[in-house]
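**Q**
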Amino acid sequence: MVPNLNNIQGDIWPRLAKKYETFLFFEILDMARFKKELGSFSKYITTAKAACETRGRLYSRKENGENNIVETISTNISLSAAGLARLGKTDLGDFIFKGGMYADMVTVGLDRDEEWHGEFKGSRGQIDGVFILAGSSEDTVNNWIIDVIKPKFADPTINGEPAASKFLFTQSGAVLNEYDVEHFGWKDGASQPLLKGLDDETTNTKGPGLIKPGYIILGEEGDTEPSPDWAKDGSFMVFRRLRQLVPEFTQWVVKQIGDQAKDGDKMKLGVISTLSSRLVGRWPDGAPLDLMPGPPEGQEDTYKGLPEDAPGQGEEHMALTNSNDFDFRDTQWQDRCPFASHIRKVRPRADRTNMDGTFDDTHAMIRRGISFGPLTTNQEKSVGVTTHDRGLLFVSYQANLHNGFRQVQNEWANKISFPPGKARHYDNKQPGLDPIIGQWAKDDDHSNYITMPRYDNPKKVEQWKLERSVIAEGGEYFFSPSISGIREICGVCA
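Plus 4 on top of the position in the sequence shown (first one is 1) and you've got our numbering.
#1: Go ahead and pull the three-state DSSP assignment for Q175.
#2: So, using beta-carbon positions, are K156 and E31 closer together than 8 Å?
#3: Using only CA atoms, which one of T390, H392 and Q413 lies nearest to S400?
#4: Please state the DSSP three-state secondary structure of W444.
#5: Give the straight-line distance between the Cα atoms of S386 and K259, rounded to the nearest whole angstrom.
#6: Going by DSSP, name the residue or residues bridged to T51.
#7: Going by beta carbon distance, what residues of the same chain come within less than 7 Å of G201, once the five residues before and after it are set aside?
#8: Below 8 Å on the Cβ atoms is my contact criterion, and I expect D355 with I215 to pass it. Report the Cβ-Cβ distance as a whole number of Å.
#9: Taking the straight line between their C-alpha atoms, what separation do you get for G479 and M105?
#10: Per the contact definition of three or more C-beta pairs closer than 8 Å, is the segment 179-189 in contact with the segment 143-150?
#11: What span of residues does the alpha helix (DSSP H) with A86 cover, start to end?
#12: Okay, do the segment 449-462 and the segment 341-350 touch, 3+ Cβ pairs below 8 Å being the bar?
#13: Any contact of the segment 90-107 with the segment 204-211, i.e. 3+ C-beta pairs under 8 Å?
#14: With 16 other CB atoms within 10 Å as the buried threshold, where does D237 fall?
#15: Contact check, F29 vs L397 under 8 Å by CB: the rounded distance?
#16: Secondary structure at M291, three-state DSSP: helix, strand or coil?
#17: Please classify H392 as buried or exposed, where buried requires at least 16 other C-beta atoms within 10 Å of its C-beta.
#18: Enumerate in chain order the residues of its own chain whose CB-to-CB distance from I54 is below 8 Å, with the five nearest sequence positions on each side excluded.
#19: Check whether the segment 289-296 and the segment 311-322 touch, using three or more Cβ-Cβ pairs below 8 Å as the test.
#20: Hey, quick one: how far does the alpha helix (DSSP H) through S281 stretch, first residue to last?
#21: Could you pull the start and end residues of the beta strand (DSSP E) that V185 belongs to?
#22: Among the candidates D331, L295 and C56, whose CA atom is the shortest distance from the CA of E320?
#23: Can you give me the C-alpha to C-alpha distance between R371 and D269, rounded to a whole angstrom?
#24: When we look at the beta-carbon of G139 and count the other beta-carbons within 10 Å, is it buried (16 or more) or exposed?
#25: Name the residue from K463, T325, S375 and L199 whose alpha carbon lies nearest to the alpha carbon of V474.
#26: Would you give the residue range spanned by the beta strand (DSSP E) that S239 belongs to?
#27: Can you have a look at N163 and say buried or exposed, based on whether 16 or more other CB atoms are within 10 angstroms of its CB?
#28: Considering only C-alpha positions, which residue in the set F38, T206 and V179 is nearest to R4?
#29: G177 to D192, Cα distance in whole Å?
#30: Looking at the unbroken alpha helix (DSSP H) that takes in E319, where does it start and where does it end?
#31: Verify whether the separation of the beta carbon atoms of A417 and V350 is less than 8 Å.
#32: Using 8 Å as the threshold, is the segment 234-254 in touch with the segment 480-488, meaning 3 or more CB pairs across them?
#33: Quick check on the DSSP output: the alpha helix (DSSP H) that includes S488 runs from which residue to which?
#34: Looking at C-beta atoms only, is the number of pairs between the segment 61-71 and the segment 110-129 that lie closer than 8 Å three or more?
#35: I'd like the list of long-range same chain contacts for R333, defined as Cβ closer than 6 Å, with 5 residues on each side in sequence excluded.
#36: Out of P462, P435, N404 and H429, which one is the CA nearest neighbour of G97?
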């Protein structure tokens with residue numbers, strides 16, 4: 005059965021069209037009025053079908069050379085375990101969801117309490133849910149909040165009914181440029197899972213194929229966990245505010261590379277870009293190291309691999325920038341993509357297979373984040389110190405938090421021994437942590453490293469001591485119900 009596009013919220017799939025996005029966190033004050041307002045508002049929630057139509061129109065305009073901005077606005081909603089409980093739903097069995105992110109990622113995890121912003125710890129009220137508002141501009145989103153969301157959900161009625169909810173705080177982000185890069189400079193979103201029955205068939209011969217939609221959407225093919233009927237076609241949403249220390253990260257990379265890039269008094273840009281790209285597993289323009297392990301011939305000293313330079317490298321290279329047709333099976337050495345590179349840690353492909361040799365994609369999650377804060381200034385670059393707040397509003401969807409986000413962060417990114425079985429190639433030196441999102445305890449000065457192959461000889465490795473360049477500043481676990489689920493929660497007949 006193909007998932008019902010009229011029932012799934014559009015940020016889960018295919019994603020909401022956006023240049024600007026606001027996450028509006030709220031606390032439910034009056035349960036009865038909130039149910040009434042949300043029930044009548046459900047017809048305005050952007051479904052997967054509506055999101056497909058909007059994205060299709062925008063894509064057609066772009067193909068036709070129509071580059072003027074068209075105003076768009078999309079709305080989704082997601083509820084925390086506390087919010088669902090206030091609305092009478094306590095039968096969603098995910099124990100991680102019920103405990104909340106603070107208990108999971110701070111109390112027993114490696115997030116640090118002092119770095120979490122107070123609003124995510126309840127300083128402004130209990131987080132019962134979040135409106136996800138995506139649009140073509142900041143003004144479009146703000147006007148929608150003022151004209152539609154606030155009167156319905158945060159203002160008393162003229163008949164004296166109390167406000168349905170209290171708006172606690174917002175988190176907003178914007179697409180940084182036309183290349184959709186994140187703050188470290190890498191093109192984002194190149195390796196999203198493709199869902200069977202929803203996405204087109206892939207032409208990959210080595211890379212991932214379509215995955216079962218039930219890995220992301222409850223009640224669909226592949227979902228093996230029991231859940232109540234009202235939860236069908238919903239998905240668990242992870243929201244995390246991640247601060248990125250960009251100039252410090254750049255300074256750290258150059259320091260670690262050391263003499264490998266020196267050419268007298270000069271630095272070879274090709275060496276710097278190659279080794280920094282090995283940390284991620286892709287070049288900044290998106291081309292995978294597994295398919296393009298080094299700079300183009302003749303550009304060894306100058307190549308940067310930037311998105312804006314990609315068209316000048318030709319059509320074949322442009323095809324590489326969106327390629328997922330690789331599998332990490334190539335060699336026992338690290339002359340292509342290092343074992344602990346970010347993309348290999350979070351989607352291990354052939355490093356984690358089923359008995360028949362196919363990829364184990366049961367831990368897949370779909371990412372929908374957006375950057376916040378300004379681009380790094382020249383002054384910050386020159387002194388190597390962050391002075392402006394910037395980072396990523398990380399969002400992921402999965403049918404099971406334990407199998408999805410939690411597995412990827414805690415068991416893969418934060419484990420020096422993942423992917424397993426690699427240390428035997430390098431005198432029992434483990435791969436190390438994910439150099440981008442890997443975490444370690446304050447008092448642990450032994451696990452904060454990545455094992456990196458040298459540029460001149462990948463059979464020789466160095467252990468680079470990691471510095472923290474991505475800081476978790478708060479977040480929460482939510483559930484994004486289907487349209488029918490929202491109506492059942494609110495007691496509205498379909």
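Even for Gly, the Cβ is constructed at its ideal location relative to N, Cα and C.
**A** Well, looking at it:
#1: strand
#2: no
#3: Q413
#4: coil
#5: 14 Å
#6: Q13
#7: V6, P7 and P217
#8: With a Cβ gap of about 17 Å, D355 and I215 do not count as contacting.
#9: 7 Å
#10: no
#11: A85 to R90
#12: yes
#13: no
#14: buried
#15: 12 Å between Cβ atoms; not a contact.
#16: It is Ala, not Met, that sits at residue 291 in the sequence shown. Three-state result, A291: coil.
#17: exposed
#18: With the sequence shown as reference, residue 54 is identified as Ala, and Ile is not the correct amino acid for it. Only G14 and S78 meet the Cβ criterion.
#19: yes
#20: L273 to V284
#21: Unbroken run through V185: none, as it is neither H nor E.
#22: L295
#23: 42 Å
#24: buried
#25: S375
#26: S239 to Q248
#27: exposed
#28: Because the chain in this structure spans residues 5 to 498, residue 4 falls outside the shown range and cannot be described.
#29: 14 Å
#30: E319 to L324
#31: yes
#32: yes
#33: I487 to C494
#34: no
#35: A354
#36: N404
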